[in-house]
Structures are given as structure tokens and as C-alpha cells.
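Residue numbers (the UniProt record's numbering), protein chains in the order written: chain A, 1 to 245; chain B, 1 to 273.
For every residue, glycine included, the Cβ atom is placed at its ideal position computed from N, Cα and C.
On a predicted model such as this, the values are computed, not experimentally measured, just so you know.
Below you'll find the structure, written out as C-alpha cells, and then a few comments.
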């Protein structure tokens with residue numbers, strides 16, 4: 001299977017700078033994805049924003065997609081690279097189904113496949129500019145992993161990408177426990193997403209929550225979180241520092 | 001089988017719709033020393049007869065570990081078997097590296113069969129002259145497959161290939177219904193008894209046979225000679241004659257007659273064993 005456009009010359013370490021085939025910087029990006037394991041499987045949340053630099057350009061970008069029967073993929077970073085990854089995975093699942101032999105790729109296999117793809121692209125100096133969250137359930141085993149554009153990958157009970165690492169994970173470390181119920185899991189995720197909404201400039205107030213269990217994937221309809229801006233600290237924010245910005 | 005004008009190339013069909021070179025390749029498997037395999041729900045046992053050429057030489061290796069969860073016993077041209085084992089090991093390790101997960105046996109067997117099929121359809125190649133008993137474990141349980149030079153593969157509860165394998169097959173046919181729930185040690189005992197059947201009265205010793213096991217919680221490994229000898233002694237099978245062994249000449253005569261019958265009738269599918 002070809003992973004790069006075949007126009008690139010073979011056997012080179014770094015091509016000429018006029019080579020426009022390599023990803024150099026991201027253009028349309030998604031912000032954090034947050035996910036956690038709960039009693040029946042995985043809960044994952046991501047907003048629907050696609051930023052074009054500092055402009056909140058696109059507001060209906062679905063950043064979570066089901067993969068095969070057993071997995072759910074959430075992505076932050078370059079949206080076009082996410083779409084490319086979905087095409088690779090589509091082909092992977094297709095070939096897996098074509099065997100027609102009762103075996104199927106589970107979340108662990110998909111996560112490791114993605115790790116190989118991301119790491120190999122990074123080694124060619126042509127990364128897929130994403131941080132991916134891969135969660136799923138197969139044969140009663142729950143799996144949640146993360147892989148990013150340089151190929152760093154790991155599994156954990158709760159993961160987040162981008163700003164989520166700084167704002168959401170501390171909350172999860174405090175409040176996550178085994179066998180969360182669905183309602184508690186959603187409440188916990190919404191708490192994280194609300195903090196991100198307040199503090200992450202590239203967050204938009206339109207999010208989806210997805211769940212994956214042994215039965216399959218459900219991605220909620222987009223909805224908004226209630227926010228409160230009447231905190232006294234928000235009124236007259238320059239009070240303690242007049243003249244500074 | 002007798003020579004005829006359609007047997008020079010593997011790419012020449014006979015008027016009866018047979019590829020003689022492929023059938024001759026399967027004859028090579030029948031001439032190799034015996035290999036047997038049997039499985040329960042949780043374990044698969046492989047066994048083979050390992051006779052050295054002379055007292056001075058060592059035995060040929062006929063059982064290969066392909067991965068922790070897959071092993072293979074071969075019969076026929078051992079060189080071809082070695083090369084195919086290397087291919088299987090490569091496929092398993094590549095899959096493991098990409099997916100962090102063991103390659104499902106069924107898929108490996110299909111890849112192997114497709115590889116064998118290629119050699120039946122290229123004028124510059126010859127079919128592999130080796131039959132493989134592939135034993136493996138995956139999500140759906142324990143499996144035993146037989147891959148033949150024609151590119152066909154079959155799944156079995158128990159099977160035997162190679163010379164005098166008919167005797168072992170008869171033994172296995174009598175007992176196979178019990179195998180599904182057999183505990184591991186009983187399975188090994190049945191394997192040893194099946195091997196003994198192929199020896200035609202010769203005493204069963206651990207120096208002339210090899211046994212390997214794979215099962216739930218037990219990665220594929222070849223049992224060491226000491227363990228095998230202990231099992232032989234414990235089950236008191238060395239030198240015992242249960243039933244008179246099948247006469248090998250009569251069996252060969254029957255097979256030749258049925259082949260000629262098939263050539264005349266076009267009825268029997270010659271690719272089936």
C-alpha cells in the first residue's frame with residue numbers, strides 16, 4: 001500500500017525546498033479531544049470547530065468517526081490529514097472484511113497500525129499533523145490509546161490531546177475512577193469540555209459526545225454547553241492591573 | 001501413476017482435466033516420513049517420525065515453530081518445507097509488528113495456499129513438494145490445517161500425512177470424536193500412539209519421533225526428548241502391538257488402482273487426498 005504520493009523521488013533524505021508535497025505547517029485545525037474509559041466502554045468528546053489560524057472558520061467539523069466494528073477515532077490537528085487517515089483506515093478495514101473469516105481488527109490493532117503510519121511519516125519528514133485518540137471495545141476488553149504526529153503512543157484510562165492535556169487531564173486524574181456509570185462519565189467529560197471552552201481560544205461551543213461499547217458506536221447530535229459569564233472576576237477584568245493589558 | 005504425454009509441464013492440462021505435475025508433487029508428500037496432528041478445543045499437538053539417514057548423521061528438522069501461537073509439521077521435500085516456514089515466520093512477525101497482535105491462523109493458511117497456487121500456474125515454476133500440517137491458536141480457538149502442494153487447504157480435527165500415514169489415520173478416525181474435550185496429556189498420548197501406528201511394529205522411542213504442543217496459555221514448543229520418553233514409558237506404549245498394522249503394499253496398491261479408476265471415470269476429484 002502506498003502511503004505517499006509517488007511523485008516523490010526515492011532514496012532521498014531531504015528533497016529540495018520547492019517540494020510542496022510535505023506537510024510543513026497545519027492550516028485548518030481541530031482542538032482538543034478528551035476521552036475516558038467507563039463501565040461499558042469508552043466515552044469521547046470533541047467540539048466541532050475547524051480553526052483557520054486564529055479564525056474560528058468552520059463550525060460543523062466532525063472530529064470523531066467510527067472505525068470498523070470495534071473502534072472510534074478522534075483527531076485534533078490538521079483536518080485534511082485526519083481525512084487522509086480515515087481513507088487509510090477505510091482501506092484497512094475493507095481488506096480486513098474481505099478475508100470474510102470471522103476475524104476482525106480490534107482497537108488495539110488499529111491503534112498500533114496508526115502508530116506505525118504516524119511514525120513512518122515522521123521519519124520521512126512528512127508528518128500527518130494530528131494527535132489521535134483511538135478507543136474501543138472488543139470481546140469485553142476496553143482499550144483507549146493515543147498517538148501523535150511524531151509517533152509517541154500510549155494507552156491509559158483517560159487521554160486528551162492538545163490543550164486537553166493541560167486543562168482536562170488534571171481534572172480526570174482527580175475524579176476518574178473505575179466503573180464510572182454513563183451519566184457520571186458524561187458529566188465528567190462535560191466538566192472538562194467546559195473548562196476548555198472557557199480557557200482555550202480555539203474552542204467553539206458546539207460539541208459531540210461519542211460512546212463505544214460492545215454493541216457499537218453512538219455519536220450524539222451536536223449540542224452546546226451552558227456557560228456562565230457573570231463571575232465577578234469577569235466583570236472589570238482590568239481592575240487589578242489598570243494600564244496593563 | 002504412470003507417465004503420459006501431459007505430465008511434462010505444470011501448465012499443461014490433461015484431457016481429463018488434471019494437472020499431473022501437481023499430482024506428482026502430492027506423491028512427493030506421500031513419500032516423506034509421517035507427520036500427524038490432532039486438536040482439542042484448547043490444544044493442538046503435532047508429531048512426526050524422525051529417522052536419521054545413518055547412525056552418524058543427525059535427524060532432519062520437520063517441526064518448525066512459526067510464532068508463539070503457530071507451529072508447522074512437514075512431510076515431503078524438507079527443503080521446500082524450510083523455505084515455506086521462513087515465509088510463514090516472516091508473515092507472522094510482520095503482522096505482529098504492525099498490529100501488536102498474533103496473526104490469525106486461518107489467514108496465514110490462506111496466504112500459504114495462495115503462494116502454493118502460484119506455483120501451479122507458472123510455466124517457469126514447480127509446485128512445492130511438501131505438505132504442511134499447520135497447528136495454531138487464535139481468538140476462535142484451536143485449529144489444525146493441512147496445506148497441500150495443489151494450493152488447497154483443509155481444516156481437520158486430526159490428520160496424518162506421509163508414508164504409512166494410513167495406519168495413523170485409521171487410528172485417529174477411531175478416536176477423533178473424543179479429542180475435542182481431551183485434556184492436554186491425553187492428546188499427546190494419542191499423538192504418540194498414532195506415530196507408533198506408522199512404525200509398523202518398530203519400537204517407539206523418543207529418539208525417532210518429535211512431538212510439539214501449542215495451547216491456551218502454552219506457547220508453541222517442541223517437547224524435549226526426556227519428556228517424550230517419559231510419556232512413552234508412562235503410557236506403556238513402547239513395543240506394544242495393539243492391532244496388526246495395515247499392510248503398506250496393499251494400501252499402495254489400492255491407491256494406484258483408485259487413481260487409474262479416476263483417470264478412466266473422470267469422477268473422483270484427484271486433488272482431494
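From the listed residues B:176, B:231, B:43, B:230, the smallest Cα separation to residue 136 of chain B is found for B:43. With 16 or more other CB atoms across the displayed protein chains lying within 10 angstroms of its CB, residue 41 of chain A is buried. Listed along the chain, the chain B residues whose CB falls inside 8 Å of the CB of residue 113 of chain A are 98, 99. DSSP places residue 47 of chain B within a strand segment (E or B) once states are collapsed to three. In this structure, DSSP gives residue 68 of chain A a state outside helix and strand, which the three-state scheme calls coil. Judged by DSSP in its simplified three-state form, residue 21 of chain A adopts coil rather than helix or strand. Looking at the DSSP output, residue 154 of chain B shares a beta bridge with B:146.
In this chain, the alpha helix (DSSP H) harbouring residue 194 of chain B covers 184-198. Put simply, of A:49, A:190, A:191, A:91 the residue whose alpha carbon is nearest the alpha carbon of residue 77 of chain A is A:49. Below the 7 Å Cβ cutoff, chain A contributes no neighbours of residue 201 of chain B, its closest Cβ being approximately 43 Å away. Within the same chain, Cβ atoms closer than 8 Å to the Cβ of residue 131 of chain A are found at 33, 75, 76, 77, 146, 147, 148, 149, 161, 162, the five residues on either side in sequence being excluded. Distance from the CA atom of residue 233 of chain A to the CA atom of residue 242 of chain A, rounded to whole angstroms, is 14 Å. Across the segment 9-38 of chain B, no CB contact with chain A closer than 8 Å is found for any residue. No Cβ of chain B is located within less than 8 Å of the beta carbon of residue 100 of chain A.
In the DSSP annotation of this structure, residue 11 of chain B is not part of any alpha helix (DSSP H), being labelled neither H nor E. From the beta-carbon of residue 87 of chain A, no residue of chain B is found nearer than 7 Å; the closest lies around 18 Å away. Checking the DSSP bridge columns, you'll see residue 64 of chain B partnered with B:72.
Between the C-alpha atoms of residue 86 of chain B and residue 24 of chain A there is a straight-line separation of about 41 Å.
With contacts defined by Cβ atoms closer than 8 Å, residue 211 of chain B and residue 192 of chain B form a contacting pair. Identification of chain B residues near residue 84 of chain A by a Cβ-Cβ cut-off of 9 Å yields none; the smallest Cβ-Cβ distance measures about 18 Å. A residue is called buried once 16 or more other Cβ atoms fall within 10 Å of its Cβ, and residue 95 of chain A, having fewer, is exposed.
Take residue 143 of chain A, set aside five residues on each side of it, and the residues of its chain with a beta-carbon closer than 6 Å to its own are 107, 108, 136, in chain order. At least one CB atom of chain B sits nearer than 8 Å to the CB of residue 109 of chain A.
When DSSP states are grouped into helix, strand and coil, residue 118 of chain A belongs to the helix group. Looking at the DSSP output, residue 37 of chain B sits in a beta bridge with B:46, B:159. Considered as a whole, the segment 110-188 of chain A harbours 130-138, 141-147, 153-155, 158-160 as its complete beta strand (DSSP E) runs of no fewer than 3 residues, in chain order. Taking all protein chains shown into account, residue 224 of chain A has fewer than 16 neighbouring C-beta atoms within 10 Å of its C-beta and is therefore exposed.
In the three-state DSSP reduction, residue 44 of chain A falls in the strand class (E or B). In this structure residue 222 of chain B is in contact with residue 63 of chain B, their Cβ atoms being roughly 6 Å apart against a cut-off of 8 Å.
When 9 Å is used as the limit between beta carbons, residue 106 of chain B is near these residues of chain A: 99, 101, 102, 103, in chain order.
No Cβ-Cβ contact shorter than 8 Å links residue 31 of chain A with residue 79 of chain A. Below the 8 Å Cβ cutoff, chain A contributes 103, 139 as neighbours of residue 139 of chain B, in chain order.
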